[in-house]
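A quick write-up on the structure given underneath.
There are 2 protein chains.
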Amino acid sequence: MAKRVSHRDSMCGVARPLDAIGDWWSLLIVRDAFDGLRRFGEFQKSLGLAKNILSARLRNLLAHGIMETVPASDGSPYQEYVLTEKGRSLFPLLVALRQWGEDFFFEPDEAHVLLVDRKNGLPVRRLELRAQDGRVVGAEDTMVWLPPASPE
Amino acid sequence: MAKRVSHRDSMCGVARPLDAIGDWWSLLIVRDAFDGLRRFGEFQKSLGLAKNILSARLRNLLAHGIMETVPASDGSPYQEYVLTEKGRSLFPLLVALRQWGEDFFFEPDEAHVLLVDRKNGLPVRRLELRAQDGRVVGAEDTMVWLPPASPE
DNA sequence: TCAGGAGGTTTTAATTTGAAACCATCGTGT
DNA sequence: ACACGATGGTTTCAAATTAAAACCTCCTGA
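Protein chains in written order, with my numbering: chain Z, 1 to 152; chain L, 1001 to 1152.
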């Protein structure tokens, strides 16, 4: 799980998160958690993965503070797995993944679920990156910049 | 690479893309491609991964139409790897990953690169999901909905 | 012509994954 | 009290994946 990171990536804002959610299953677990799943068995049935793998993934998500266990909610003696604030902050990433998937992984006539506004049932807008002044910007319009170190 | 997908995920807009970019390295390669890297050796040096793995990952990205090879650009007899339109469409996802990483994987006083507007050097805004009417919506405000099948 | 560098592939070992079996705890019925 | 199933895991072991290193090929420059 803990992969070695190259010199160049040791400080990279893209590489670090991948240690937490960079495998196939973790993001699917998080997505299911957004859908309201909370119990070990629910995740296992929904995703169809081996129990030991689910166990390992949940442990990793807990260790990274993306999910946490809570005692119970319906009186049953078991614990439940719920997203933390850090985990809920993955929502835009999940939406980005979903929108990309919808654009490129379905045939034009193939049915698929849509993410819609609960208020009125209309599809949500496309995610857009905007500059401070509100312009929509693409990759060509941006660059990464390392601020100079502060004096001390 | 090609993982089995459970019944539930066979049509899921989140699971399908993960087959293409759901491993640790692929997204880092794509990020480097956004940064202008094009050559096999450049990727290898930047990421520090084994050559056979890079080879396999590039092959997978090519097979999924995320990158493509172009004959040359500087006269050298080799090919270069560049993002396709599909690959460039990963930009919002990469930004979402980066923003999440910056929020949760750096100490408050730890320096890290910022994504800034080329025009004026100001940091870009945070990615936000908006409904049709322009409201910013979170996970709680949305749901997935499967449109009814069309008659034929 | 020979030394290297770029761009890979092959080989082999270590790590990870996955399926199945196993185990522990709780609740229920009898 | 006891059997039994459901839930929530852990252990075991085989199979697949990954990683490191060695190797190969083509091209270039001295």
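We put the CB at the ideal spot given by N, CA and C, even for glycine.
Distance, residue j Cα to residue i Cα
i, j, result
"Leu62/Z", "Leu97/Z", "22 Å"
"Tyr1081/L", "Pro1123/L", "29 Å"
"Gln132/Z", "Gln1099/L", "15 Å"
"Ala1020/L", "Leu1115/L", "25 Å"
"Ala1002/L", "Arg1059/L", "For Ala1002/L, the pLDDT reaches just 44, beneath the cut-off of 50, and the residue's location in the model is therefore unreliable, leaving the point undetermined."
"Arg88/Z", "Ala1139/L", "8 Å"
"Lys1119/L", "Val144/Z", "13 Å"
"Gly1041/L", "Glu1085/L", "23 Å"
"Phe1104/L", "Gly13/Z", "10 Å"
"Gly121/Z", "Glu102/Z", "18 Å"
"Arg57/Z", "Met67/Z", "11 Å"
"His1007/L", "Leu37/Z", "Any reading at His1007/L is ruled out, since the residue's pLDDT is 39, under 50, leaving its predicted position unreliable."
"Ile15/Z", "Asp141/Z", "One detail in the question is off: residue 15/Z reads as Ala in this sequence, not Ile. Looking at the two C-alpha atoms, the distance is approximately 22 Å."
"Leu1049/L", "Leu49/Z", "28 Å"
"Arg1130/L", "Arg130/Z", "12 Å"
Local Cβ density within 10 Å of residue i, reported as buried at 16 or more and exposed below that
i, result
"Val1137/L", "buried"
"Leu1146/L", "exposed"
"Pro92/Z", "buried"
"Ala1072/L", "exposed"
"Ser26/Z", "buried"
"Asp1035/L", "exposed"
"Ala149/Z", "exposed"
"Arg1017/L", "It should be pointed out that residue 1017/L corresponds to Pro in this sequence rather than to Arg. Under this definition Pro1017/L is a buried residue."
"Gly134/Z", "exposed"
"Asp1023/L", "buried"
"Asp1109/L", "exposed"
"Asp1074/L", "exposed"
Residues of its chain near residue i, where Cβ-Cβ distance is below 6 Å and the 5 sequence neighbours each way are ignored
i, result
"Leu1047/L", "Leu1028"
"His1064/L", "Ala1020"
"Phe1106/L", "His1112"
"Leu1090/L", "Val1030"
"Ala1033/L", "Leu1083"
"Ser76/Z", "none"
Residue range of the beta strand (DSSP E) that includes residue i
i, result
"Val1144/L", "Thr1142 to Trp1145"
"Leu1115/L", "Leu1114 to Asp1117"
Neighbourhood of residue i by C-beta, 8 Å cutoff - its chain only, sequence neighbours within 5 removed
i, result
"Arg39/Z", "Tyr78, Glu80 and Tyr81"
"Glu128/Z", "Val136"
"Asp1117/L", "Pro1123 and Val1124"
Opening and closing residue of the alpha helix (DSSP H) in which residue i lies
i, result
"Val95/Z", "Phe91 to Phe104"
Nonlocal neighbours in the same chain, by C-beta distance under 7 Å from residue i, ignoring five residues either side
i, result
"Val70/Z", "Gln79, Glu80 and Val82"
"Val95/Z", "Leu115 and Leu127"
"Gln1044/L", "Lys1051 and Leu1054"
"Arg1125/L", "none"
Requested in this report: Taking only runs that begin and end inside the region 1016-1088 of chain L, name each unbroken alpha helix (DSSP H) of 4 or more residues, in chain order.
Outcome: 1024-1034, 1040-1047, 1051-1063 and 1085-1088
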